[in-house]
Amino acid sequence: MLRDIGLSNIEELFRGIPENLRRKELLNLPSAVSEAELIAYFKDLAARNTSTGYTSFLGGGAYPHYTPVIIDTLISRSEFYTAYTPYQPEVAQGTLQTIYEFQTMICQLTGTEIANASMYDGSTALAEAFLMASRVTRRTNVVVAENVHPEYREVVDTILKNTELSVSTFGFTDNGTVDLSKLKIDNNTAAVAVQSPNFFGCIEELQSIADAVHKAGALFIVVIAEPMSLGLLKTPGECGADIVVGEGQSFGVPVNFGGPYVGFFAAKEKYVRNMPGRLIGEAYDAKGQRGFVITLSTREQHIRREKATSNICTNEGLVMTMATIYLETMGRRGLQEVANQNLQKAAYAADQIKQIKDYKLRFTTPFFNEFAIQCPDSANKVLGRLLDHKIIGGIDLGKYYPGLADSILVCVTELSKKEDIDKLVKALSSGI
Amino acid sequence: MIKKATTHISQNENLIFEKSRPGSAAFSLPALDVPSQPVEKLIDKNLLRNDDLEGMPEVSEVDVVRHFTRLSTWNFAIDLGLYPLGSCTMKYNGKINELIARIEGFAKSHPSAPDSLVQGSLEVQKTLEEYLSEITGLPYVSLQPAAGAQGELTGLMLIRKCLEARGDARKKVLVPDSAHGTNPASAAICGYEVESLKSNERGGIDLHVLEEAMDETVAAFMLTNPSTLGIFEENIVEICEIVHRKGGLVYMDGANMNALVGVARPGEMGVDVMHLNLHKTFSTPHGGGGPGSGPVAVNETLEPYLPVPRIVRKDDGTLSLNFDRPQTIGRVRAFLGNFGMHTRALCYILTLGREGLREATEAAVLNANYIAAKLKNIYEIEYKGQALHEVVFSDRNQQKFGVRNSDIGKRLIDYGFHPPTLSFPLIVTGALMVEPTESESREELDFFIDAMKSIARECEIDPELVKHAPHNTRIGRLDEVSAARKPVLRWQPAKEAKTA
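In the order they appear, the protein sequences are chains F and Z.
Numbering of the first sequence is given in the working numbering, commencing with residue 1 and proceeding in unit increments.
Numbering of the second sequence is given in the working numbering, commencing with residue 433 and proceeding in unit increments.
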């Protein structure tokens, strides 16, 4: 090939790079590892994740749920996972139709009118929701409840810090839900964001919050970290949410040490031109055949550059596909069944735990699949002793809320067997 | 004559909602093993939904499998053939990466688990950080950003925090007019004004233009190297010096790293911070639009500001997450980054090893130059310069027949290829940016070259054929104008008469 194009050696191809920048030695990295040795290497590493040998009650924004077998079968088709972004619709209808179905189901689950093709995750979706609300209302203050996932709030602070937006917060009651009396909004408030179920697992009364927010002319954002709850709970859309964002990881995506996940972003149709992210719409060819295309791209970075609604380009395509397949596989009745199992198992666990001497439920508000328990000792100590029983009891809330250093956030899903829950109860009861 | 592709029967498939039938089910769950309580006893009725999840599909497992299998056959994919997409680096996605990413110990590890119980995942990330540091020549790496654009935003935030810490907050970022759209978009979110610099006659950075624009109000210069034309910025060292002399920092967009791995290191060029695209250079799959991963690599100056937490190795050799980073910019996302892409990228690096990484770069550059040599007399190359891993043609020669770059792209589909990157960078007239990557054999490249030559002939003798392409796909060109005018972004159930 070199000869064919008139060169005599590979080095000539790099003559555009100044000689003193061109490496003479190879990089200081290992030599190629054979396939079998690579598999052994990674299996060995994975085995060092001893957490999989423990009974875990960890949630807090990453939820272990059952993932039907066919999800992996289907997304392992190379036409899905080795496909490019669907900029050329004639050869990408598989991807485009999948996104359209995803957008539709997100709207149905959240009670909204339009949804985009995905964001990176729930935390960045919330940050983008605030940016969007500011564009829509032309106001610069945003408010977030303190019982929204702490890492989500950190992300909001980090991303909004360099914009003209200011972030304020408002607190929660002894019941774990937002304290509306602490909500300060005025005619510079672009939006107020609340999470439901919130970080403590408590279900918020969204309608009353919506009313308060709308009175000030601000937008109401609801963020959902555990969308499995939408199998049971009234939609945020119905409760007055203008923008609904959240984390789709619960829909068939393994917890996978934190990623890749998939954020969803939905809103009222009238705000579509201010939405970030890709939007897929219906379109027809000259023969009248229906297809799907990326549409309204004048909002996006490749057209509008610094005036774009967001800088997002690559989002979470294949993970969105997994979530779509999950939602279609579980379907209407499956989602209701999973939601119910989560609810019932968590209720059972909570009932058993509150009967243990010196243990209480920290909040009395109804919950979906997560709840906080108040321990007779520091959460840190209790969790440490549970580890000796090969149980990861949950999240130490003291990590994020100094006043809750005696409380553990316990998550129970459909994957938690009764015997696992009983094991946790027994371990806590054994006077540790 | 089309040699590489033939039309074939493909299945039709409607929307899943159009196949839904009440009572069908595809799921299977174990029975509830705890006592069941009435839902309304646990949650107040007015907090419960009352629509019975209407509209959510009810289909069988066969329906779901056929649905997505059929849909998949309508996609082009790397495993089918060449995607000559400039700047996207559509290389082969190793299958071993898929196997190891799915190992249960990784898939089931929870990001909030105690450090001592997830040493394997932490080791994967720490090792990848070290390897990426070696490859870039920049000592510190964060794997937190979820994609290239997020990496860019992170890098700019690091710069901003660093300058603020010096008491020297500045308000502008310089960006070449050839830059990818995410560059100015990210700068805007970071609160910077964006000033676009005109490229020189070779499509590179004009030192005089830069010198004039660079002053104490400029926080950073964002550049892509090799440029978005695939040409190495030979003055890179001086470019960095110009910026540094006035107290600014240099951000390098690493989208084109496929031309440099094992050959040259940005850290040695004076770059302060860069991002990498694991879904480009490091072979993690494109997935139809993600997931990606956009790690940032930085020098000593910017290290204190990196996103939190950082992985540290304790004296006993174990790894832990350090949250005590007082100068951090904070978090750019919840948890620890797109871990699934980290395992795959690490596996890729080890599969190739130090020799293979260098060979891959050489092959990528050779392949692009081969295409350039064979087509340069047919498709104009506007900017002269030694292209590395990608070459940018323009449609100028074909314009006289009324044919544009997008038409040529669409006609390539009939020939069995995906179109190249079109109309980017903006400084080229009707750009066709071609990046074959190292994964392509000579045979596939020759098919591509023949196809491009054949299409050029078609432009002369039968331009209408090209202008109305593709002809052999299931669906023709879609009316995107009408789609945007009256957007329909979701399926709706048919309106039924409400019963009393």
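All C-beta atoms, glycine included, are put in the ideal place defined by N, C-alpha and C.
Note that the coordinates shown come from a computational prediction; the quantities given were computed from them, not determined experimentally.
> Among all the DSSP beta bridges, which residues are the ones paired with Ile663/Z?
Replying inline: To locate residue 663/Z, count along the second sequence from 1; it is residue 231. In the DSSP output, where bridge partners are listed per residue, Ile663/Z has Ala819/Z.
>> Between Arg634/Z and chain F, is the shortest Cβ-Cβ distance under 7 Å, so that the two count as touching?
In response: Numbered from 1 along the second sequence, position 202 holds the residue referred to as residue 634/Z. Judged by the 7 Å Cβ criterion, Arg634/Z is not in contact with chain F.
> Beta carbon of Lys808/Z, beta carbon of Thr521/Z: below 7 Å?
Replying inline: Stepping through the second sequence from its first residue, residue 808/Z is reached at position 376. Stepping through the second sequence from its first residue, residue 521/Z is reached at position 89. Not a contact, by the Cβ cut-off of 7 Å.
>> Rounding to the nearest angstrom, what Cα-Cα distance links Val550/Z and Val650/Z in this structure?
In response: Translated into the one-based positions of the second sequence, residue 550/Z becomes position 118. Translated into the one-based positions of the second sequence, residue 650/Z becomes position 218. Near 43 Å, if we compare the C-alpha coordinates of Val650/Z and Val550/Z.
>> If you reduce the DSSP assignment to three classes, tell me which class Met275/F lands in.
In response: Sequence index remark: in the first sequence, residue 275/F carries index 275 (1-based). DSSP places Met275/F in coil when its eight states are reduced to three.
>> Any beta carbon of chain F sitting closer than 7 Å to that of Ala796/Z?
In response: In the second sequence, counting from the first residue as 1, residue 796/Z sits at position 364. With 7 Å as the cut-off, Ala796/Z does not count as an interface residue toward chain F.
>> Runs of 4 residues minimum, wholly inside the region 534 to 560 of chain Z: which ones carry the alpha helix (DSSP H) assignment?
In response: 536 to 539
>> For Thr67/F, which residues in the same chain have their Cβ closer than 6 Å to its Cβ, ignoring the five residues on either side in sequence?
In response: Mapped onto the first sequence, residue 67/F falls at position 67. Within the same chain, Thr67/F has close Cβ partners Gly252.
> With C-beta atoms as the reference, is Gly60/F less than 7 Å away from Ser565/Z?
Replying inline: As a first step, residue 60/F is located in the first sequence; it is residue number 60 there, counting from the start. As a first step, residue 565/Z is located in the second sequence; it is residue number 133 there, counting from the start. Against a cut-off of 7 Å, the Cβ pair of Ser565/Z and Gly60/F comes out as no contact.
>> Within 8 Å, do at least three Cβ pairs link the region 233 to 244 of chain F to the region 480 to 495 of chain Z?
In response: Touching, per the Cβ criterion.
> Residues in its own chain within less than 8 Å of Arg757/Z by CB, not counting five upstream and five downstream?
Replying inline: Numbered from its first residue, the second sequence carries residue 757/Z at position 325. Hits under 8 Å: Pro736, Leu738, Val740, Pro741 and Arg742.
> So what does DSSP say about Cys891/Z, is it helix, strand or coil?
Replying inline: Within the second sequence, the letter at position 459 stands for residue 891/Z. The answer is helix: DSSP assigns Cys891/Z an H, G or I state.
> Is Gly246/F helix, strand or coil when you go by DSSP?
Replying inline: Working through the first sequence from its first residue, we reach residue 246/F at position 246. In the displayed model, Gly246/F falls within a strand according to three-state DSSP.
>> Between which residues of its own chain and Ala216/F is the CB-CB distance below 8 Å, once the five residues before and five after are set aside?
In response: Start at 1 with the first residue of the first sequence, and residue 216/F comes out as number 216. Same-chain partners within the cutoff: Ile185, Asp186, Asn187 and Thr189.
> In the DSSP assignment, what residue or residues form a beta bridge with Tyr683/Z?
Replying inline: Within the second sequence, the letter at position 251 stands for residue 683/Z. DSSP lists Met654/Z and Val705/Z as partners of Tyr683/Z.
>> Using the three-state DSSP reduction, which class does Met865/Z fall into: helix, strand or coil?
In response: Within the second sequence, numbered from 1, the residue matching residue 865/Z stands at position 433. The answer is strand: DSSP assigns Met865/Z an E or B state.
> Any idea what DSSP makes of Phe825/Z, helix, strand or coil?
Replying inline: The residue given as residue 825/Z occupies position 393 in the second sequence. Correct three-state label for Phe825/Z: strand.
> For the region 15 to 40 of chain F, which residues have a CB atom closer than 7 Å to at least one CB atom of chain Z, in sequence order?
Replying inline: Arg15, Gly16, Ile17, Pro18, Leu21, Arg22, Arg23, Leu26, Leu27, Asn28, Leu29, Pro30, Ser31, Ala32, Val33, Glu35, Leu38 and Ile39
> Looking at C-alpha atoms only, which residue of Val382/F, Met228/F and Gln341/F is the closest neighbour of Pro470/Z?
Replying inline: Reading the second sequence from its first residue, position 38 is the one you call residue 470/Z. Closest option to Pro470/Z, Cα to Cα, is Gln341/F.
>> If we require 4 or more residues per run, which alpha helix (DSSP H) segments fall completely within the region 443 to 474 of chain Z?
In response: 471 to 474
> Just curious, the alpha helix (DSSP H) that Asn799/Z is in, first and last residue?
Replying inline: By one-based count along the second sequence, residue 799/Z stands at place 367. From DSSP, the alpha helix (DSSP H) with Asn799/Z extends over Phe771 to Leu807.
> Do you know how far the Cα of Met322/F is from the Cα of Arg534/Z?
Replying inline: Here residue 534/Z corresponds to residue number 102 of the second sequence, with the count starting at 1. Here residue 322/F corresponds to residue number 322 of the first sequence, with the count starting at 1. Roughly 14 Å between the two C-alpha positions.
>> So, for Ala210/F: in the same chain, excluding its five sequence neighbours on each side, which residues have a beta-carbon less than 6 Å away from its beta-carbon?
In response: For the purposes of this step, residue 210/F is identified with residue 210 of the first sequence, where counting begins at 1. Phe220, Cys239 and Gly240.
>> Tell me the rounded alpha-carbon separation between Arg843/Z and His440/Z.
In response: In the second sequence, the residue the question calls residue 843/Z occupies position 411. In the second sequence, the residue the question calls residue 440/Z occupies position 8. Roughly 17 Å separates the two Cα atoms.
>> In this structure, how does DSSP classify Glu282/F when only helix, strand and coil are distinguished?
In response: The sequence position of residue 282/F within the first sequence is 282, counting from 1. DSSP places Glu282/F in strand when its eight states are reduced to three.
>> Between the alpha carbons of Asp511/Z and Asn799/Z, how many angstroms are there, rounded?
In response: Translated into positions along the second sequence, residue 511/Z becomes position 79. Translated into positions along the second sequence, residue 799/Z becomes position 367. Looking at the two C-alpha atoms, the distance is approximately 18 Å.
> From which residue to which residue does the alpha helix (DSSP H) around Phe257/F run?
Replying inline: Residue mapping note: residue 257/F aligns to position 257 of the first sequence, counting from 1. Unbroken run through Phe257/F: none, as it is neither H nor E.
> What's the gap between the Cα of Leu413/Z and the Cα of Phe42/F?
Replying inline: There is simply no residue 413/Z to check, as chain Z begins at 433 and stops at 932 in what is shown.
>> Please report the distance separating the alpha-carbon of Asp377/F from that of Asp406/F.
In response: The count along the first sequence starts at 1 and reaches residue 377/F at position 377. The count along the first sequence starts at 1 and reaches residue 406/F at position 406. Between Asp377/F and Asp406/F, the C-alpha separation is close to 6 Å.
>> Using only CA atoms, which one of Leu409/F, Glu337/F and Gln195/F lies nearest to Ala457/Z?
In response: Within the second sequence, residue 457/Z is the residue found at index 25, counting from 1. Measuring from the Cα of Ala457/Z, the nearest candidate turns out to be Glu337/F.
> In whole angstroms, what is the alpha-carbon distance linking Glu101/F and Ile203/F?
Replying inline: Residue 101/F sits at position 101 when you count from the first residue of the first sequence. Residue 203/F sits at position 203 when you count from the first residue of the first sequence. Rounded to the nearest angstrom, the two C-alpha atoms are 28 Å apart.
> Since Arg786/Z contacts Leu27/F with CB under 8 Å, what's their CB separation in whole angstroms?
Replying inline: Position 354 of the second sequence, counting from 1, holds the residue named residue 786/Z. Position 27 of the first sequence, counting from 1, holds the residue named residue 27/F. Contact holds; Cβ gap of about 5 Å.
> Using a C-beta to C-beta distance shorter than 8 Å, which residues of chain F count as neighbours of Ser715/Z?
Replying inline: Here the question's residue 715/Z lines up with position 283 in the second sequence. Result: empty, since nearest Cβ-Cβ is about 10 Å, beyond 8 Å.
>> Against chain Z, does Arg385/F count as a neighbour if the rule is that its beta carbon must be under 7 Å from one of theirs?
In response: Along the first sequence, read from residue 1 onward, the residue named residue 385/F stands at position 385. Chain Z, which has no Cβ nearer than 7 Å to the Cβ of Arg385/F, makes this no.
> Which residues of chain F have a Cβ atom closer than 9 Å to the Cβ of His718/Z, listed in chain order?
Replying inline: For the purposes of this step, residue 718/Z is taken as residue 286 along the second sequence, with counting starting at 1. Going along chain F in sequence order, the residues near His718/Z (Cβ under 9 Å) are Tyr81, Thr82, Ala83, Tyr84, Thr85, Thr314, Gly317 and Leu318.
> Taking all protein chains shown into account, do 16 or more other C-beta atoms lie within 10 angstroms of the C-beta of Ile668/Z, making it buried, or fewer, making it exposed?
Replying inline: Your numbering for residue 668/Z matches position 236 in the second sequence. Buried, because 16 or more other Cβ atoms sit within 10 Å of the Cβ of Ile668/Z.
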